[in-house]
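Below: the structure, in structure tokens.
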Amino acid sequence: MSAPDGKAALRANPNFRWLMRGGLLSMLGDQFTLIALPWLVLKLTGDPLSLGLVIALMSIPRAIFILIGGALVDRYSPMSVLMLSKYASAVLLGLLAALTFSGLATLPLVYPFAFAIGLSQAFAIPSATSMAPRALPPELLQASNSMMMGMRQLTVLAGPLLAALMIALAGGGDSVQDMRALGLAFAVDCLSFIVSAWTLSNVHPLPAPPRGEEKDVLRAVGEGIAMVWGDTALRTCFLYWGLVAFFIGGATQVALPVLAKDTLHSATAFGILLGAHGAGTLFGMAASAMGRKLTLPFGAMLLLGDAFVGLVLIPLGMIETTWQGVLLLLAMGLVGGFMQIAVFTWIQTRVPPQMLGRAMSLFMFIFMGLAPLSAAATGWILQHTTLAGLFAGSGAVLVLFAALAWLFTPMRRIQAG
């Protein structure tokens, strides 16, 4: 099927249309909470340490329980788990909206809400990433992944601006009005979950593969890990991604804001840098959506892409103007966006449907579980080296990892099919 024919078939597919509508609403709503929750904590306390604790309370259950979430997805179907997670999130956001709007929100109350929201995400993420293979035929997955992830990137760019604008217009600088504006932001996210649950109810999944004997959840998690470990290609890629996530992830999470603050001396510059990376990612996803066949094996493409990103990282810490950073991050995003689509499609087509939830949860765990460790390590390293040294070292390590994987593992020979 050619790329134009594939896009036409995708747009004509009713399941995809419902998934797209619900996904757009849910992802936009998420951006309102991502802006409102940190702002609520700072309004209540003005304490960055409290904000860090709230973020940790969201991250920890998400990282710990995402593997269990993947096992439940495979047992009960992605649609069932995703629907329940949407209802749970709607209740949580509705309660938080009411407390905030009425002025009754306090920091001790925010803590359990943050934990519960993170817990809900642990089940929502593997179920959402497993929905497309259960609702669409295999030949439409690449185009679907590209469009859905491209849409996510658009919401990441536009959502925070819409949320910040609404909060600013509704707040007006008055303390009481500011709290009501934050409550309104949580209410928007609550409504997005309710409506997206309705759109999800209109999706008609394809016939499910026969289920085996139901097992204990922890045993099911172990079987998912064993399945990945027993597949040489999956094991090689997952181990490689784990190394990259731990050693490289913190460079962009922690060092990039420091670069904007210490070198460019501007919060606006930080936003421009993030926007450049986001725009590049979007263009890369769009290129992937064209559906052209790779002339290189899947694994070789990944390693060459990572080597390129590493080379771009090396000079990032030495920039003196914003436009230099924009060019580098645009290039990084372009390659990264293209590879994201290829990776998701490869996993979805390689893993048996009855194991996909666990495989995707393990994939997400690699990044969500190791990212906080990488960020903490980056913060410690920055106390002992320069920003330029950190970026150069991170880029060099990524190039080294790609080269070692090329020379000493079978990764370069892994095919897309």
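In terms of the working numbering, the sequence shown opens at residue 607 and continues consecutively. From the three backbone atoms N, C-alpha and C, an ideal C-beta is built for every residue, glycine too.
- Residue 1003 sits in a helix when the DSSP states are folded into three classes.
- Separation of residue 722 and residue 1019 (C-alpha to C-alpha, rounded to the nearest whole angstrom) is 42 Å.
- Our two residues, residue 947 and residue 811, have alpha carbons roughly 22 Å apart in a direct line.
- Within a 10 Å sphere around the beta-carbon of residue 990 sit fewer than 16 other beta-carbons, which makes this residue exposed.
- Burial check for residue 808: the Cβ neighbour count within 10 Å stays below 16, so the residue is exposed.
- In this structure, residue 705 lies away from residue 696, with their beta-carbon atoms at least 7 Å apart.
- Between residue 720 and residue 664, the CB-CB gap stays under 7 Å.
- Contact annotation: residue 855 and residue 940 have beta-carbon atoms that are not nearer than 7 Å.
- Counting only runs of 3+ residues, no beta strand (DSSP E) is found wholly inside the stretch 915 to 982.
- Pairing residue 830 with residue 617 gives a Cβ-Cβ distance that is not under 7 Å.
- Here the alpha carbon of residue 674 sits roughly 44 Å from the alpha carbon of residue 929.
- Residue 808 sits in coil when the DSSP states are folded into three classes, being neither helix nor strand.
- Judged by DSSP in its simplified three-state form, residue 771 adopts helix.
- Taking the CA atoms as reference points, residue 694 sits about 45 Å from residue 992.
- Distance from the Cα of residue 661 is smallest, within the candidate group 744, 713, 799 and 922, for 713.
- Exclusion of the five residues before and after residue 925 leaves 931 as the residues of its chain whose Cβ lies within less than 6 Å of its Cβ.
- For residue 733, the enclosing alpha helix (DSSP H) begins and ends at 713 to 735.
- Going by DSSP, residue 649 is part of the alpha helix (DSSP H) stretching over 620 to 651.
- Between residue 918 and residue 892 a beta carbon distance of about 20 Å is seen, past the 8 Å cut, so the two are scored as non-contacting.
- With fewer than 16 neighbouring CB atoms inside 10 Å of its own CB, residue 835 falls in the exposed class.
- Residue 827 and residue 974 have their C-alpha atoms spaced approximately 17 Å apart.
- Residue environment analysis places residue 1007 among the buried positions, since at least 16 neighbouring C-beta atoms fall within 10 angstroms of its C-beta.
- Between the alpha carbons of residue 955 and residue 962 lies a distance of about 9 Å.
- Secondary structure note for residue 684: its alpha helix (DSSP H) is the uninterrupted segment 684 to 707.
- DSSP places residue 1019 in no alpha helix (DSSP H); its state is neither H nor E.
- Take residue 833, set aside five residues on each side of it, and the residues of its chain with a beta-carbon closer than 6 Å to its own are 961, in chain order.
- Under the three-state reduction of DSSP output, residue 797 falls in the helix class.
- Around the C-beta of residue 758, 16 or more other C-beta atoms lie within 10 Å, and the residue is accordingly described as buried.
- With a cutoff of 7 Å on beta-carbon distance, residue 631 and residue 802 are scored as near each other.
- At least 7 Å separates the beta-carbon of residue 796 from that of residue 730.
- Around residue 909, the same chain offers 1008, 1011, 1012, 1017 and 1018 as residues with beta carbons nearer than 7 Å, after the five sequence neighbours per side are excluded.
- Residue 645 is positioned such that its CB atom lies no closer than 7 Å to that of residue 805.
- Looking from the CA of residue 635, the closest CA among 959, 765, 707 and 626 belongs to 765.
- Following the DSSP letters along the chain, one finds residue 826 inside the alpha helix (DSSP H) bounded by residues 823 to 836.
- Close CB contacts of residue 776 within its chain, under the 6 Å cut and outside five residues either way in sequence, are with 787 and 790 (chain order).
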